[in-house]
Structures are given as C-alpha cells and as structure tokens.
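In my numbering, the protein residues as written are 1 to 77.
From the three backbone atoms N, C-alpha and C, an ideal C-beta is built for every residue, glycine too.
None of the values given here were measured: they were computed from a predicted structure.
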C-alpha cells in the first residue's frame, strides 16, 4: 500500500475486522474505530478524534515514526 501512496487506513469494525487489517498493513498507519459488539481491540475512540488523528497522519502533520495515543488531554482534545 505504501507503493500506491496510501498514507493512512481507517477501519470500522470489531475485533476480527480490525485485527485482520492490522496484520496486513504493517507499513501504513492504522486508525481502528470500534464498531463491534464486544471489542478488545480497538479501544473505543470518539469518532471526531479518530478523524483528526487520521487526517494528521495523512497530511504528514505526524510522521509514520511517531506514535500518538489519542487520550483526553492530548493534542487532539
């Protein structure tokens, strides 16, 4: 996906969907959004914050090498 210019992948799903995508996109940042019924991965993240995080990665405000945890009190709130 990197070769195709993909900057960020956003997934909507439960544990299974998000894990399958995470295993297949090791080189591309992933913003998993929990929409399943009994989620362990990913944790619940408010949709607006997830969108800001994805946009920040896609526009290279944050690099692939930076690890950002979206928590209350972070740069996204």
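| Endpoints, alpha helix (DSSP H) assigned at residue 49 | By one-based count along the chain shown, residue 49 stands at place 49. Here the alpha helix (DSSP H) through residue 49 covers 47 to 58.
| field | Nonlocal neighbours in the same chain, by C-beta distance under 7 Å from residue 58, ignoring five residues either side | value | Locating residue 58 in the chain shown gives position 58, counting from the first residue. Answer for residue 58: 7 and 8, listed in chain order.
| task | Confirm, please, whether the CB-CB distance from residue 50 to residue 148 is below 7 Å. | result | Summary: the structure shown does not reach residue 148, with the chain confined to residues 1 through 77, and so no result is reported for it.
| For residue 22, the nearest candidate out of 41, 4 and 35 (CA to CA) | The residue you call residue 22 lines up with position 22 of the chain shown. That would be 41, whose Cα lies nearest to the Cα of residue 22.
| Roughly how far, in whole angstroms, is the beta-carbon of residue 11 from the beta-carbon of residue 33, given that I think they are within contact range, below 8 Å? | For the purposes of this step, residue 11 is taken as the residue at position 11 of the chain shown. For the purposes of this step, residue 33 is taken as the residue at position 33 of the chain shown. Correct: roughly 6 Å between the Cβ atoms.
| message | Considering only their Cβ atoms, is the gap separating residue 14 from residue 80 smaller than 7 Å? | response | Nothing about residue 80 can be reported from this structure: the residues present for the chain run from 1 to 77 only.
| What are the boundary residues of the beta strand (DSSP E) that includes residue 10? | As a first step, residue 10 is located in the chain shown; it is residue number 10 there, counting from the start. Counting along the chain, the beta strand (DSSP E) containing residue 10 begins and ends at 9 to 13.
| Simplified DSSP state of residue 6, which is helix, strand or coil | Here residue 6 is taken as the residue at index 6 of the chain shown, counted from 1. Coil at residue 6, not helix or strand.
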